[in-house]
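In my numbering, the protein residues as written are 8 to 194. Positions of the beta carbon are idealized from the N, C-alpha and C atoms, including for glycine. A quick write-up on the structure given underneath.
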Ligand SMILES: [Fe+2]
Ligand SMILES: [Fe+2]
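Spelled out as structure tokens, the structure:
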């Protein structure tokens, strides 16, 4: 499947989004989320989600789909590109309010920005998994091996640029999920 590694990225991103969601009631009840956790989550959103994952989509998947005749200026690719830009904007806003939270302890803006970021990204991932990737798998059915290789090359390149490994991000997601389980996962 040509979107396999992108679907795996989505699962990893969703794990972190769930842990972020679980911190909201804690923040609202005045509990302190330690600074190292906040900065690791911000690093994940900027580097893994944006640079690496969106880098793979924008640098490999979308150009491959363009080659198959899907336009960049309109339709699904244009919408996904717009949503990536919005993700970036919301992440930058959240980074600012995280700084305010760390220095003042006031979490009001951070909670609002996190909710907005999470809601936006959850619906973006849903659209890709259930709409765009379905189309992509059909359009790229004869190029699976090549596209997978390309995606893996972009990933290695981006992670090298960031100076982190995929394993480190997987471990972070695992640790966050354990530390901040969703209420229904507690049973
Ligand atoms: Fe995307
Ligand atoms: Fe994606």
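(message) Strictly closer than 6 Å from CB to any heavy atom of ligand 1: give me those residues in the order they appear in the chain.
(response) Any residue whose Cβ sits closer than 6 Å to a heavy atom of ligand 1 makes the list: 61, 64, 87, 91, 131 and 135.
(message) Buried or exposed for residue 145, going by 16 or more other Cβ atoms inside 10 Å?
(response) Here residue 145 refers to the residue found at position 138 when the chain shown is read from its first residue. Result: exposed.
(request) Give a yes or no on whether the C-beta atoms belonging to residue 36 and residue 147 are separated by under 7 Å. (result) Your numbering for residue 36 matches position 29 in the chain shown. Your numbering for residue 147 matches position 140 in the chain shown. Taking 7 Å as the cut-off, the Cβ atoms of residue 36 and residue 147 do not count as close.
(message) Please return the same chain residues whose Cβ sits closer than 6 Å to the Cβ of residue 132, not counting the five positions on each side in sequence.
(response) On the chain shown, residue 132 is found 125 positions in, with the first residue counted as 1. Excluding five sequence positions before and after residue 132, the CB atoms of its chain that fall closer than 6 Å to its own CB belong to 17, given in chain order.
(message) On the DSSP letters alone, give me the boundaries of the alpha helix (DSSP H) that residue 50 sits inside.
(response) One-based indexing of the chain shown puts residue 50 at position 43. 42–50 is the span of the alpha helix (DSSP H), which, as asked, contains residue 50.
(message) Can you find the residues in the same chain that come closer than 6 Å, C-beta to C-beta, to residue 102, ignoring five residues on each side of it along the sequence?
(response) Start at 1 with the first residue of the chain shown, and residue 102 comes out as number 95. For residue 102, same chain residues with a beta-carbon under 6 Å away, outside a window of 5 residues either side, are 49 in chain order.
(request) Compare the Cα-Cα distances from residue 56 to each of 98, 187 and 114 and report the closest residue. (result) If you number the chain shown from 1, residue 56 lands on position 49. Ranking the options by Cα distance to residue 56, first place goes to 98.
(request) Express the C-alpha separation of residue 161 and residue 75 in angstroms, rounding to a whole number. (result) Here the question's residue 75 lines up with position 68 in the chain shown. Here the question's residue 161 lines up with position 154 in the chain shown. Spanning the two alpha carbons is a distance of roughly 20 Å.
(request) Within the stretch 98–136, note down every full alpha helix (DSSP H) run reaching 4 residues or more, in order along the chain. (result) Secondary structure in the stretch 98–136: the alpha helix (DSSP H) runs of 4 residues or longer, each lying completely within the stretch, are 115–134 in chain order.
(request) Assign residue 176 to buried or exposed, taking buried as 16 or more other Cβ atoms, counted over all protein chains shown, within 10 Å of its Cβ. (result) As a position in the chain shown, residue 176 is number 169, starting the count at 1. Buried, because 16 or more other Cβ atoms sit within 10 Å of the Cβ of residue 176.
(message) Starting from residue 158, trace the alpha helix (DSSP H) in both directions and tell me its first and last residue.
(response) By 1-based counting over the chain shown, the position of residue 158 is 151. Looking at the DSSP string, the run of the alpha helix (DSSP H) that includes residue 158 is 151–169.
(message) For residue 182, count the other beta carbons within 10 Å of its own beta carbon; 16 or more makes it buried, fewer makes it exposed. Which is it?
(response) The sequence position of residue 182 within the chain shown is 175, counting from 1. Exposed: under 16 other Cβ atoms inside 10 Å.
(message) Taking the alpha-carbon of residue 189 as reference, which of 13, 19, 23 and 82 has the nearest alpha-carbon?
(response) Indexing the chain shown from 1 puts residue 189 at position 182. When 13, 19, 23 and 82 are compared, the shortest CA-CA separation from residue 189 is found for 23.
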